[in-house]
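Respectively, the protein sequence lines represent chains A, B, C and D.
Each residue of the first sequence is one higher than the one before, starting from 623 at the first, in the numbering used here.
Each residue of the second sequence is one higher than the one before, starting from 623 at the first, in the numbering used here.
Each residue of the third sequence is one higher than the one before, starting from 623 at the first, in the numbering used here.
Each residue of the fourth sequence is one higher than the one before, starting from 623 at the first, in the numbering used here.
Note that the Cβ used here is the ideal one computed from N, Cα and C, for glycine as well.
Data first, discussion second: the structure below is written as C-alpha cells.
Number of protein chains: 4
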Amino acid sequence: MGCDVSERGARSKTQLVADRRELHRLAEPGWCEVFTASKVVKVLQESGWQVRCGADVISRDARMGLPPQRTLDFFLNRALDHGADPVTAEKLRDGFTGVVGTLNGGAAGPVIAFRFDLDANNGGEATSRDHRPVREGFSSIHEGFHHNCGHDGHTSMGLGLARTLARIRHELAGEIRLIFQPAEEGLRGAKAMVAAGVLDGVDYFVGCHLGVQALSVGEVITGYKDILGSIKLDVNFTGKSAHAAISPHDGRNAVLAACVAAQNLMAIPRHGDGDTRVNVGRISGGDSRNTVPSSADLSIELRADNADTLQFLRDTAARVVAGAALMHEVTSRSDLVGESRAASSDPELAKIVHEAAREVPQVKAIRDCVEFRGSDDAAEMMRAVQGRGGKAVYFGIGTELSAIHHNPRFDFNEDALPIGLEILERLTCLLGAPGSGARPRN
Amino acid sequence: MGCDVSERGARSKTQLVADRRELHRLAEPGWCEVFTASKVVKVLQESGWQVRCGADVISRDARMGLPPQRTLDFFLNRALDHGADPVTAEKLRDGFTGVVGTLNGGAAGPVIAFRFDLDANNGGEATSRDHRPVREGFSSIHEGFHHNCGHDGHTSMGLGLARTLARIRHELAGEIRLIFQPAEEGLRGAKAMVAAGVLDGVDYFVGCHLGVQALSVGEVITGYKDILGSIKLDVNFTGKSAHAAISPHDGRNAVLAACVAAQNLMAIPRHGDGDTRVNVGRISGGDSRNTVPSSADLSIELRADNADTLQFLRDTAARVVAGAALMHEVTSRSDLVGESRAASSDPELAKIVHEAAREVPQVKAIRDCVEFRGSDDAAEMMRAVQGRGGKAVYFGIGTELSAIHHNPRFDFNEDALPIGLEILERLTCLLGAPGSGARPRN
Amino acid sequence: MGCDVSERGARSKTQLVADRRELHRLAEPGWCEVFTASKVVKVLQESGWQVRCGADVISRDARMGLPPQRTLDFFLNRALDHGADPVTAEKLRDGFTGVVGTLNGGAAGPVIAFRFDLDANNGGEATSRDHRPVREGFSSIHEGFHHNCGHDGHTSMGLGLARTLARIRHELAGEIRLIFQPAEEGLRGAKAMVAAGVLDGVDYFVGCHLGVQALSVGEVITGYKDILGSIKLDVNFTGKSAHAAISPHDGRNAVLAACVAAQNLMAIPRHGDGDTRVNVGRISGGDSRNTVPSSADLSIELRADNADTLQFLRDTAARVVAGAALMHEVTSRSDLVGESRAASSDPELAKIVHEAAREVPQVKAIRDCVEFRGSDDAAEMMRAVQGRGGKAVYFGIGTELSAIHHNPRFDFNEDALPIGLEILERLTCLLGAPGSGARPRN
Amino acid sequence: MGCDVSERGARSKTQLVADRRELHRLAEPGWCEVFTASKVVKVLQESGWQVRCGADVISRDARMGLPPQRTLDFFLNRALDHGADPVTAEKLRDGFTGVVGTLNGGAAGPVIAFRFDLDANNGGEATSRDHRPVREGFSSIHEGFHHNCGHDGHTSMGLGLARTLARIRHELAGEIRLIFQPAEEGLRGAKAMVAAGVLDGVDYFVGCHLGVQALSVGEVITGYKDILGSIKLDVNFTGKSAHAAISPHDGRNAVLAACVAAQNLMAIPRHGDGDTRVNVGRISGGDSRNTVPSSADLSIELRADNADTLQFLRDTAARVVAGAALMHEVTSRSDLVGESRAASSDPELAKIVHEAAREVPQVKAIRDCVEFRGSDDAAEMMRAVQGRGGKAVYFGIGTELSAIHHNPRFDFNEDALPIGLEILERLTCLLGAPGSGARPRN
C-alpha cells in the first residue's frame, strides 16, 4: 500500500555517475545546453514521460543574458557532433534549451514539480592530474567551461528520478513535473520558464543543491532560507578616443568613468534593514595604451535578502552609473542580464523533506533551516508557486568538495548522488502517494 | 627739459619702510582694507590728488567672494580703533575698499594708470623671533591674517609714487591715475573696479609685483607674460543626514560626493593646447562622527594660460561636480568667487620699463620676458585696457624673500622698495613727460 | 518580608523632571561633566551612599578622546559659576568626571551594579519656540552642546534610584553600586571605569536607555541584543604645501589622500559573517584655495556585531589609511578615540527585567529581545561582568521622541521617567532582596 | 663633381608604392617583423650593402615588451609561408628583427645613419570599401594588426634610399648606415639597437616621419623639437578570489585596486617645470561576475618633455601603484615595456634638411621647428648620437591622411614617398659628398 522506493533497486550509482560524467565532460554554458537537454529529452521519452521542450517551455522575451550567436552556434554544432538528435536539437537551438517532463499518477492528487539546472559555468577547469576529472578522464572538453557548481550532478539525479518514477507511476497520485532549466548561472533561465507557464498549477515545488553548507556525504539541509535576491547588470560606458599626448582633452575617458563607478558601487552604503552584497566581478576597457579609452564594461551583481533592499541597491547603482557617466561626459548603458527574487523554503514542506531524509539509511545528519547565503533562480520558481498558494522547498544534499563552487578545482563526492536521489524519490512518495499525509492546497 | 626724478631726493626709504610696516602690522584681508584704504585716501588728499573711493570706484554687483558681514564689521571697527577717518571709513565699509587718485599734468598727454593691491591674505604669520616682523615689532596684530604676498610693499610704493608725482606734476603731460585695488587675493577685486569704469580711457596700464621670479634686490623683469587666467569656485554639496548605524541607507552622503568630486577634479585631463592647473585647496564636511554627513564644501581653483583652455576646465569641473552630486543623490551648488583672464604684457611697454630700469643705478640685472606662472587680477585690468587699444605691462621688482609667497614666514628685503619706486617714477616720466618717445594711441 | 517599593511614594515625578531639566540646561560634553557629577556626588552623599569619584573610579591612561584643555577649563569654570562644590570639582576636573556610590544591604547577597551615563553631546540645540526645552526654559545654555540622547533623563533616574534605595536599604541584601559614567558619546568613558575596577565583583549589571526602538511611554524592551561593537578613529594626513600654480608637483596633497581614504573606507567589503557599519562622519583639510593642502583629518567609526568582524574592519581600515598615505606620499596618524565591544543582554537577567516591568501599572507593552542597532559603551561593562561569570542586561524604556536621537530637536516625554525608575526599583528588589529568586553566581 | 641625385631617375614611385603596399598587406607587429626584415635584408644584399641582422644588431637583454612566444611563432610561420628566406628568418626569429646595412663611400667622410621603423601596430584595419587599402586590395591580411602609423611608407623609402645610394656610392664620402628598427610602437626597439652598438661612431643621425603636423604633400618640417620622453608600464594587481555573496570579506579585490590606481594616476599633479601626460589606455580584470576579482591589469604610459619631469611621473606612478596595492592588500607588479627619452633635433642639421628640401621641386612649404607632441624612440638614437658629440635630426614629410595615426581608417597619400626619398637622397649628398659644406665632428 502506498509507494515504497526502498526495495526497488531502481537506483543505480553506476548510472548516476555515468550520466554525471558524460555531462561534465561535455560542459555547456547557459542557453547552450543542446547536448544536455537532448539527452534529457531522450531519457524522458524512453521512460514514458510526456515531454515538452524548446519554445514550448521557454518564453522568448523573458530570456536574459543570451550569449552571442557564434557561441550558440558553436555548442549546437558540438552537440550534433556528439550525437544529439537533430530533430530535438532543432527545437532547442538558439537559446531554448529547457525541457519539461510530465507524468500522471494513477489517482487524483497534487501537482508536484521538481527543478534541475542544466548549465555549466564560464571558467576553465583545472588540468593537473590531481584533479579527479582529469585523472579519470571526464574533465571538460570545452575550454573555458566547467561544471563547477554541480549542475551535472543535479541533472543526473533528475534523470534518475525520471527513471524511478516512471517505474512506480501507478502507485503515485496526482501529477509529477520534472523541470530541466537552462542558464541558472547568472540567474537567467528561471523567469523564462515561469513566463512560459511551466509552474502553473503546481502545489509543491522542490529544488535541491549539492554541497552548499553541507560538506559531507550523509548531511542534509531540509530547507534553505534567505536565498538572496539578485540583479545582474552589464554596464557599458562609451566615450571618445583621442591621442593621449596630442589631445588628451579631446578624449572622453570611458575607463575612468568605469573606475569611478566601480569604486562608488562598492561604496554603496550598508542597509539598516537587511543584508546586501555588491560585486563588480569584471572590468575591461580601452584598446591601446596610447589612446584615451573610449569604451569600458563592468559586470555587476547586486544581492539582498529582501525586495526593498534589493530595490535600494538597484536605484543606487543606477545613480552611480549615471553620475560616473555624467562626470566624464560619456554615455552609459545598463542591461539587466539576470534576476531572481529572494525566497525562503516553506517550513511545512521542509518538514516533509526531513521525514524523507530520515528514512534514507546513509543520511547521518539533518539540519532544518539554514541560510543559503547565495542566490539561485530556483527562488523565482519558488516565489511563483508560493504566490499562488503552493508550497516550495529548496533543500541541500551534503557532499565533500575538492574545492569550493566556481573554483577551477571544483569536484564533488559522487556518493552523494544515490542519497540525493533516494530523498527525492521518498519525498515524491510522501507528497504524491495516495493516502500520504501531504495534501494539495485545494 | 622734461621730468627728471633722479635728483629729487623725493624717495625716502625711511618713509617707504614706515608705511609698509604700518600696513603689515594692521593686515586686512580682501574687502576689509578700511584702515589701509583710509590711509591711502589721506595721503592722496594731502598730496593734492583728486580722490574717489568706495562705491564710486567699486561696482557693487561685480564684487566676488565677499567675507561674512561679521568679518567686515570686525575690520571696520579695528580700523576706527586705529584711527581711520570715520567719514572715509563710512564710504569704504561693507566691501567698498577701493581708492582712485587722479592727477592732471601740465600738458595734454596720455592717460597712464598704475595699479597697487591693498589686501593681506588669509593665513597666520610666523610668531618666532627669527621672523623679522616679530623681531622688529611689525608682525600682524590680526591673528590669521598676514601680508604674505608683499601687497604692503606695493601699496607703500604707490603712496611714494603719489608723493613724488604730486611734486613734479607740472612737468607731466596727460593724466595719471593711481588705482588702489582691494581683494587681489582670490582674484576678487579687479573686475569690480573695471566695471566701475576706473580703467576707461587709459592708454598705458602699469602693474608690478615684488619677488616673483626675481629673487634679489636689483633684478628687474620688464614684463611678465602668460599670467594665468583663473576661476575660483566654492562648491557645496547638500545631502541628508542619518544615523550611521541604524539607517545608513537613509543618508545622502555629501562628504562622499565631495571626495569623489575632489579626486575627479584632480584627474581632469591635461590639455593638449595649453598649460592648466587644478587645485582643491580646502575641504570640510560633516558634523558628527556617527552621522551620515549631510553637507560638504570644496574650495576650488582652475587656471589656464588661455581662454579656451580655461573654459575647458570650467566646463569639465562643472560636469565633475554635477556627476558627483548625481552619483550620491545630493544637490550641488557652485559659486564663482574669483575670476581673472589670462594676460601678457605688451612688449612695447615692457621695452619702456626696460629703459626706465636701466636708468636706476641700483638695478643690476634686467630680464625682458618671463612667464608669471601664477595669477593676478591685474590681468583683468590689462585685458580691459588692451581690449580698447591701450597698452599694458606687469613688471617684476626683485627682492630676497625669507620664504616663498603665501608662506607664514614670508618677508622681503625692503631695499627693493626705493628701487621699485624709482622705476615707477622714471617710467611715468618716459610715458607721461611732454616730448617723451611714448605716445598715446590717438 | 522582602522589599516592596510600590507603596512608598518614594518616586516623585516632580523631582525627576526638575533634576533632568537642570542637567539639560547645563549640558556638559564628555569628560567635562563637572557640574553634573558634582550634583550626583552631593545627592549620593546626602542620601547616605559611600561615594568615590574622580581618579578613584577613572583610570587615567584608559581614558579616550579627551577634549582640549581649554574645553575642560571652560566647563570647570562654568560648573563653579553654577554652584558646583569646589572640593568635589577639584577631584573631577581635567577629565575625571566619574562617580560611584555604594550601599550595603542588611544581609549577604549579590553585588548589583547600575550604570547611568552623564554626558551631553556635541551639536547645537534647536532654538525655535516649538522646541519644548525653549518654550519651557530649560534648553541648553552651552551653545554647541545638547542633551540629545536622553542621558539627562538617565542620570535623573539614577538620582531617583539613589534616593529610593537609601530609604529601603535595610530591606536589601548584598551590595548596590550606582555607576555614573562620563563620556558615553564616542564610547570613551566605560573602559576607563572598568580599568579602575568599578565593575570588580559585580554579579548583576543593569543599564538602560530611553527611547531606543520603544517609542511610546509604557513600552519596555527587557534586554537588547547585538549592541554593536565599535571603534572610533581620528585620522590625520600630513603632507607638504606648495604653490598650486608654480609648483604643484612639489606638494604632497593631504586632502587628496583623505578623499581616497574616505572613499575606500566606504568601500570596505561587506562581511559574510556579520553585520558591519563604516562611517566617515567628518572631513576637513587645507588652509587656502591656492595652495596644495598639507593637512587633512577624518573622523571615522567602524561598527560590527562581533569581535572578529570588528577586527576585520579595523585591520582593513588601517590598510586603507596606510595605502592612501603611501599613494600620495603623506604621513598618516590614527588615534583610537573611542571603543566598545559588541555585547548582548543575558536572557536570564532580561527575564527578571520582564518580571519587574510587569509589576509596573503604567507598563503597557513588553518586548523581550530586540536588536539595539547602535552602540553604547555600557557594552564594555557588560562584557567585563559577563567575562567573570556575572550576568548583564541593557534594557529599554519607551518614550515618545520629538525627534530622533542626536537631532537638534531631540526631546522626550518625561512621563517615562517615573516608569523607568519604578522598573529599576522593582528590579533591585527582585535581584537584591533576601529570599528573592535571583541568586548570585557563588 | 659632388653627388647629384636629381637627374638619375633612380626614384621610382611605382617601386615605392609596390614595396609599401606589400608591407602594408603583411602587417607585422613589433618584434615579429620577420617578413619585413627579410625583405629588407634581401634588397640590401642585392644592392651591394654589407648587411648585419638579428642578434648582431639587437641586444637581447635590452629588448622590451616582447609579445608571447605564440605570437612570435605565428608571424615567423606566416613570413615563411609568404616566401621569407628561411636562413634569414632563422636569424630574425624570436624577437631579433632588426637590420643594419653599411656602405662605404669612395672617400673619407662622416658616418651618417638613417633610421626607418618596420613595425605595424595593434588594432584592426577598417574593412569597408571606402578605405582605399580595401578597395585597392592591399589591406592587412593579419586581423588585429594594421600599418596605421605609416612605417610601411618609412621602410619603403628606406629601401628606395638603399637602391639609390648603392648606385652613387662612389660619389659619396664616409660611411652610410641604414638602420631598420623593429618595435617602434610602444618604444620598445630603439634601446636594444643602441645597446648593440649600431649607433657607435655616428656623426649624423637622420630620422623622419610621414604626416605628423604636416598634412599635405609638399610640406616639410625640417626638424621636430620636444619629442616627448615616455615610459610604458604594464601593471598587474593580484589579490584573492572569494564568493561575492558568502565571503566577500575573504576576497582581496584586485579590480578595486586597479580602479583606485587608475583614478589616482590620472590625478598625478601637473608639473610646474614641464609638460606631462598620463594615460591608462587599457584595463582588464576579473573572471566572473559573482566572484571577488583576484587579478587586474593596467596599461599605462607616462610622457614628459624633460628627464626630471619624467622621473617625477615615474616615481609618483610607482607610489600610486604601491599605495593602491597596500590599500586593498593585493600584490602589484610593474613591468617596463617601453621607454624613450625626450629629444630635440639639432638646429644645425635641421638647416641642412631645409637646404635639401628646398632643392626638391615638389616641396611647397618648409617649416623649421615644430613640436612633435608625441613620442618616438628615434629619440633614444638621437640622444645616443648627441651624447657622443654627433648631430641628430628628426624631420617631417607632409602627406594627406585619410584618418589620424592609430585610427582604423589610417592611410596616406603615397605621392609623399618619392618626395621624402628625394629629400633623403639630397640630404645624403649634402652631408656625405666630398666637398660638401657639412663636416664630421673631427
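- Listed in chain order, the non-local C-beta contacts of lysine 635 of chain D below 8 angstroms within the same chain comprise Glu1036, Asp1037, Leu1039, Pro1040, local neighbours out to five positions each way being set aside.
- Going by beta carbons, aspartate 897 of chain D and aspartate 927 of chain D fall inside the 8 angstroms limit.
- Considering only beta carbons, the part of the region 885-910 of chain B lying closer than 8 angstroms to chain D consists of Gln885, Asn886, Met888, Ala889, Pro891, Arg892, Gly894, Asp897, Thr898, Arg899, Val900, in chain order.
- Buried is the label assigned to lysine 847 of chain C, since at least 16 other Cβ atoms lie within 10 Å of its Cβ.
- Taking a C-beta distance under 8 angstroms as the contact criterion, methionine 686 of chain D and leucine 878 of chain A do not qualify as a contact pair.
- Here the alpha carbons of proline 804 of chain C and leucine 702 of chain C stand approximately 18 angstroms from one another.
- For threonine 658 of chain C, the uninterrupted alpha helix (DSSP H) run begins and ends at 656-669, by DSSP.
- Each residue's CA atom was taken as its position, placing alanine 883 of chain B and glycine 894 of chain B some 23 angstroms apart.
- When DSSP reads this structure, histidine 768 of chain C sits in a beta bridge with C:Asn743.
- Straight through space, the alpha carbons of methionine 1003 of chain D and isoleucine 868 of chain A are spaced by roughly 22 angstroms.
- By the Cβ criterion, the region 814-829 of chain D is not in contact with the region 953-962 of chain D, since fewer than three pairs of Cβ atoms, one from each stretch, lie closer than 8 angstroms.
- Three or more beta-carbon pairs separated by less than 8 angstroms are not found between the region 637-644 of chain C and the region 687-700 of chain C, which leaves the two stretches without contact.
- The C-beta of serine 956 of chain B comes no closer than 8 angstroms to any C-beta of chain C.
- The region 826-834 of chain D makes no contact with the region 785-794 of chain D; the number of CB pairs closer than 8 angstroms stays below 3.
- Among the residues facing chain C, leucine 1039 of chain B is not included, as its CB has no counterpart in that chain under 8 angstroms away.
- In this structure isoleucine 1045 of chain B is buried. Its beta-carbon is surrounded by 16 or more other beta-carbon atoms within 10 angstroms.
- The beta carbon of arginine 874 of chain B sits no closer than 8 angstroms to any beta carbon of chain D.
- When Cβ pairs closer than 8 angstroms are counted between the two stretches, the region 750-761 of chain D is seen not to touch the region 665-678 of chain D, the count staying below three.
- Scanning the region 894-936 of chain B for uninterrupted beta strand (DSSP E) segments of 3 residues or longer gives 898-907, 917-926, listed from N- to C-terminal end.
- Taking C-beta separations shorter than 6 angstroms and ignoring five residues to either side along the sequence, the partners of tyrosine 1016 of chain D in its chain run Gly829, Tyr846, Ser967, Ala1000, following chain order.
- A Cβ of chain B is located within less than 8 angstroms of the beta carbon of valine 882 of chain A.
- Of A:Ala929, A:Arg682, A:Pro755, A:Ile798, the smallest CA-CA separation from threonine 1050 of chain A is found for A:Ile798.
- Taking the Cα positions, phenylalanine 736 of chain C is about 11 angstroms away from methionine 779 of chain C.
- At a cut-off of 8 angstroms between C-beta atoms, glutamate 807 of chain A does not count as an interface residue with respect to chain B.
- Secondary structure at cysteine 1051 of chain A: helix, using DSSP grouped into helix, strand and coil.
- Using a Cβ-Cβ distance cut-off of 8 angstroms, the region 652-667 of chain D and the region 728-747 of chain D are in contact, since at least three pairs of beta carbons, one from each stretch, lie closer than that value.
- Below the 7 angstroms Cβ cutoff, chain A contributes Arg941, Ala944, Gly945, Leu948 as neighbours of leucine 948 of chain B, in chain order.
- Under the Cβ distance rule, valine 914 of chain B counts among the residues neighbouring chain C, one pair being separated by less than 8 angstroms.
- Under the three-state reduction of DSSP, alanine 748 of chain D is assigned to coil, being neither helix nor strand.
- Counted as a single uninterrupted DSSP element, the stretch harbouring arginine 685 of chain C is not any alpha helix (DSSP H), since DSSP gives it neither H nor E.
- Assigned with DSSP and collapsed to three states, valine 679 of chain C falls in coil, not helix or strand.
- Residue contact check for isoleucine 868 of chain D against chain C: a CB pair falls below 8 angstroms.
- For phenylalanine 859 of chain C, no CB of chain D lies under 8 angstroms from its own CB, so it is not counted at the interface with that chain.
- Rounded to whole angstroms, the separation of the alpha carbons of histidine 704 of chain B and glycine 1020 of chain B is 32 angstroms.
- In the three-state scheme derived from DSSP, where H, G and I count as helix and E and B as strand, glutamine 672 of chain C is classed as strand.
- Inclusion of valine 639 of chain C and leucine 781 of chain C in the CB contact set at 8 angstroms is not warranted, their separation being larger than that value.
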